[in-house]
Amino acid sequence: MTSIIKNQLVKHLSKFTKNLKPEQISLDVLKGNSKLQFIEINEDVLTEILELPSWLKIKRAFCTGVAVNVPWTKLKTCPIQIFIDEINVDVELTNEHKKQAKSNPLGNLGDSSSYGFMNKIIENMSLYISSVEINFDSDVFGGSFMLQRLSVESRSPGWAQVKDLRQTRITCSETNRTLMFKQLSWHLLRIEASAKTSKNEQRSKINAPLRLITSGGKIRIALKKNVNDGSVIHARIQTILDDILWVATLPQLRSAISFASYIAKLVKESQKNDVITTSSGNDNPFMKAAGNSATADASTISSAYNIFYFDQTSYHLHVKKIDLHLCDDAHTASDYPPDWDIESGAMQVTLYQVLIDVYPKAHAQSDRSTWMRYSNTNPIAAWFRNHLSEQFLTLLGNAEGQTTRTRLERCWPQLIGFFVVLRVHDLTIQCVSDMNTKKDALTNLFESERHLHSLPSDQQIVHVEFGAFYHPHSDKLPVPNSAVYFQLGPFTISFDERTMRWCCYVAHALSSAIEDGNLIPENELDIQPPTIKVNLVMPRLVLNLPGPFTDFNFPRRLVTSMSTLSISSSQIDFKENSRFRILSESTDEHSDVKNQLINGLNKFHICTSPVWIEIDHGPQTKGFPFLHDVSFNGILAIDKDKVNVLVEPAEDVAVVVDHYQFLQLTRLGDKFTKFLDQLTLDMKHYNTNKPKSDVTVDFLASIARIRLYIVLTMGEIASPYDSAAMSNFNHSFMDRLSDIASTKSITNAHSFSNVNEIKVINEQPRRTNKTATPEEFPEFPRGGIDNDTSEVASIATSIEDEAIYDLSEMPSDDPFGIPEYADEAITIDEPAINDRTFRHTMAKQANLFMVTLEDLKLAGNVVEETLKIDGQLKNIQLSEKLGIVRSEINDMMKKTGSEPLDLSKLPPTYAAAFSFLAPANEKVSHVTVDVNQLKATIDDEIIAHLGAFAKDDVITENRLRLAVLVHDSCIQIVDKKKKKPLRMKIQAMTIEQDED
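Residue numbers for the sequence shown follow UniProt numbering, beginning at 1 and rising by one.
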């Protein structure tokens, strides 16, 4: 009996194996146990079963042992268990022509017209494999794919293990549909790949520079099948991975790109030889799902079936955490550009809860209520619906002939979309570090702020959706453009020059590998660019201001914030060009740029919510307003070798700046100039053997009104010949602030200015106080008291001697609000001090000089690394307010913009014109200002402090040559001590300052 069963098994299994003999089979019929030793599988039959593409060829496949356990008496409730020791498969990547495919050997194992008990037994089998290793080989690459402790089991709809197989299915008798659930899991996944040094090199001798290892994972498969014939209608496949740690070097990434290029070539060559067959609509699984069962599924299905029901095939990937370390492993100095200071740079990128969903055949206009972990009521889904509506009207208007329009209207409701959704719950990107970077010096380049805004758990930091569309019944009807929606935020980006420079180096290395591998689409391919929408939610840009911080008053950061930033190429955003003042003008000036902005093909509309900029003294400090809320609109038009930009603010621009902020902004400009010069040298190094790129940038800007508030100190500037004036000299509150801060015994005293470095002209001789300072306080005498009368001090009530003491060093109030600390204090409450500092500073008085510019127009370009900007404005207003509280200045900024600019009331001629020129490879920039018919009345105290306002002791590398021309102007300078002002009538005057 046993021998007969063995012979029958050999007879049937010989279709799939090689040289199988009865002696390799051990069988225990009554117990339902059987074993097979070392089975070599027929590679041709396995290729046909798996329906592999023609560029993949199985050279050898075998398993070391197979054990089968059949529970004869409990087949309805218990699965057949198959245990496999090891599976080894050798695969070759080749461009050889594939033999004509035969019929699938599994096609006649059962009757496809019926679906019965035997089919369910086979579907419910459990499979356990100790290890699976697939080795692939090619002319230039070799690698391996290994899984350990692989298992395939039937599970409940909630993916729990069951003791009864009947709990793994949900059947709906009204619709003749059944849902079944299988889970595939493993404990270790390892992928390796490397390049060969010679064509005949064996796999065992190849190193593995590219390696990816994951600890564990599972694949959950939910199938919706037809009860009558067992055909699969829809499938939902979920791949769930644990933490992934990948340390990738640049050589590894180059190898991966070369590997992908080699596979792409094989696929392209195989497609030339493959015969494409088109199946009828009745064989389309999607059409089966859209049959007459849809109505029944929606109305008569059971509650359990309704809970786990899905109406389309989809694929899902969920990774708990991805920790990517990108390293620069170059060892030759020639790869680096000049003055490279990043040795063995590395960057860490951490992604939390990565979700990727693919819906290959979804109704384009249906709702997304059945999508996994997806809220149907969100702005992204609404944007896709609006995009399809706009595309339908566009295609209908461009259709040729009434027949095409009629077919398009009839087929549009059946439009199918291929959708990909990428979501990331949280994201962190560190700045580049090198061998000399200490752990406590690591900072983040990108950091999400979901913890600050208390976002709901289902809102992701990154949300990307891609959609491509086609008609299922016709390939000749026009289809809408594919669309991409990218949403990011809330987040903070801290600009770091070294990181930007290193990223440019990495981008160049990877782009060179892509170009060498010919992975970029060919230019002759007519590919319609997709419609793109980028939405940044609550972005924040932090710019660290340059040091040295010799005074606490110098701010340390410039922080730009807004609620939303939108960039879109959808035609919906370009229907109203009248919102741009400069495009609605009828002048012929800059007509080429305007025409490209209006009629260009690759255009992007830019729109922001109100933008505000603050300047602060560090992460835990409260910021001082610099730019009040103002929204911006713009257009970006990109051509082959030309970029055109238009920017216009929607409201008045209000800016407030004091002396220390102004100095830091000028130093920041110098810092950026040097950084851009360094990037230019780097790009020249990268493109040494490449043709020179002649990309030009033209930009236009129109600003209705700018209000500039210059905060000056109060008090007269003392004359060196007037000692009385010096005795009454009123220091600015910022200077007094610096003096007082320097006298505090605080752990971070290096942040404050040194009072000993401050010198006062014509200082009166002071009586030195012989009382020891706290640092030099002597010990209390332990002996007796000496009665020497010469050492006895007396107390006098006369106030004559008080004048000789320097009371300026004994402040009666604390402008910074810094509490007095004992000398032994070692810690301070910095947030509390910073808050009090802000409140006290905003309560101080200052003089305010206001400059209002109206109808400002800018035009500039960048050609061959030379920047040129020309501008003109129609009206200049100068005004002032003396002794105003700093907080009142902020209130004045908030009130700006309420009065719209009336162009009819402005003079026909321009009040000022200016130009800025920054030649390439030069450190000297040229600024020319031409002022015409200026009328102003200014207090002499304002005039006296304006010179000191712009004075900076730090000499920057990039210099500025300034030339100011004044024509037909009248300026009055008011002196409080005099009855009449000083009038200056200027017919023509030139002011030049040469910093070279």
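Each residue gets a CB set at the ideal place from its N, CA and C atoms; glycine is no exception.
According to the DSSP assignment, Pro22 belongs to no beta strand (DSSP E), since it is labelled neither H nor E.
Rounded to the nearest whole angstrom, the CA to CA distance from Leu326 to Phe495 is 19 Å. One Cα belongs to Pro456, the other to Arg450, and the distance between them is close to 9 Å. The C-alpha of Phe699 is placed about 35 Å away from the C-alpha of Val349. Between the segment 58–68 and the segment 144–157, the count of Cβ pairs shorter than 8 Å is below three; the stretches do not touch. The segment 151–233 contains, as complete beta strand (DSSP E) runs of 3+ residues, the segments 169–172, 177–186, 188–195, 210–214 and 217–226 (chain order).
Around the beta carbon of Ser474, fewer than 16 other beta carbons lie within 10 angstroms, which makes this residue exposed.
With the rule of 3 Cβ pairs closer than 8 Å, the segment 571–590 counts as touching the segment 638–652. The DSSP-derived three-state label of Leu545 is coil. The Cβ atoms of Phe838 and Lys622 sit closer than 8 Å to each other. By the Cβ neighbour-count rule, Glu400 is exposed, with fewer than 16 other Cβ atoms within 10 Å of its own. The beta carbon of Gln238 sits closer than 6 Å to those of Arg220 and His316, all from its chain and outside the five residues before and after it, given in chain order. Comparing alpha carbon positions, the residue from Phe552, Thr178 and Gln487 closest to Phe310 is Thr178.
The Cβ-Cβ distance between Ala193 and Phe259 falls below 8 Å.
For Trp72, there is no enclosing alpha helix (DSSP H), since its DSSP letter is neither H nor E.
In the structure shown, Ala399 falls within a coil segment according to DSSP collapsed to helix, strand and coil. Taken atom to atom, the span from the alpha-carbon of Thr928 to that of Leu962 is near 6 Å.
Inclusion of Arg254 and Leu355 in the CB contact set at 8 Å is not warranted, their separation being larger than that value. Cβ contact annotation for Leu543 (same chain, cutoff 6 Å, sequence separation greater than five): Phe495 and Leu558, in chain order.
Counting along the chain, His463 sits inside no alpha helix (DSSP H); it lies in the beta strand (DSSP E) bounded by residues Val462 to Tyr470.
Rounded to the nearest whole angstrom, the CA to CA distance from Pro691 to Asp90 is 44 Å.
Met435 sits exposed, since fewer than 16 C-beta atoms from the chains shown fall within 10 Å of its C-beta. Taken through DSSP and simplified to helix, strand or coil, Leu946 comes out as helix. By the Cβ neighbour-count rule, Val140 is exposed, with fewer than 16 other Cβ atoms within 10 Å of its own. Contact annotation: Leu36 and Ile25 have beta-carbon atoms nearer than 8 Å. The beta carbon of Phe574 lies closer than 7 Å to those of Lys603 and His605 in the same chain, with the five residues before and after it left out. The closest CA to that of Val534, considering only His463, Ser512 and Asp592, is found on His463.
Ile615 and Val537 have their C-alpha atoms roughly 21 Å apart. Boundaries of the alpha helix (DSSP H) harbouring Tyr686: His659 to Tyr686, taken from the DSSP string.
If the five residues before and after Gln161 are omitted, its C-beta is found closer than 8 Å to the C-beta atoms of Glu153 and Arg155, all from its own chain and listed in chain order. Note on the segment 380–453: whole beta strand (DSSP E) runs with a minimum of 3 residues are 416–430 and 444–448, in chain order. Secondary structure at Asp85: strand, using DSSP grouped into helix, strand and coil.
Per DSSP, the unbroken alpha helix (DSSP H) holding His508 starts and ends at Glu497 to Asp516.
The C-beta separation of His628 from Pro555 comes to about 17 Å, leaving the pair out of contact by the 8 Å criterion. Within 10 angstroms of the beta-carbon of Ser448 lie 16 or more other beta-carbons, which makes it buried. Counting along the chain, the unbroken alpha helix (DSSP H) around Ser887 starts and ends at Arg886 to Lys895.
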